[in-house]
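Residue numbers (the numbering used here): 319 to 384.
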């Protein structure tokens, strides 16, 4: 059985608010993801394919995605 944390890692990106400045609207338009605002960070949630594409997009635009 797969490790739950590895599944979670492939279906979400967690970033501090400042990292997503100027990109949130574009992410929601371009990709089939949900952006959940938490007190100090955003959770970007989607399918593994969409999360990979969103991660690549953010990285190309200088956002550090761990």
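By construction, the Cβ of each residue, glycine as well, lies at the ideal position given by its N, Cα and C atoms.
{"Query": "Which residues in the same chain as residue 361 place their Cβ atom closer than 6 Å to its Cβ, once the five residues preceding and following it in sequence are excluded?", "Result": "330, 332 and 354"}
{"Query": "What are the start and end residues of each continuous alpha helix (DSSP H) run of 4 or more residues lying completely inside the stretch 328-355, in chain order?", "Result": "342-348"}
{"Query": "Return the chain-ordered list of same chain residues with a C-beta closer than 8 Å to the C-beta of residue 365, the five sequence neighbours on each side being excluded.", "Result": "329 and 350"}
{"Query": "Alpha carbon to alpha carbon, what distance is there between residue 339 and residue 379?", "Result": "12 Å"}
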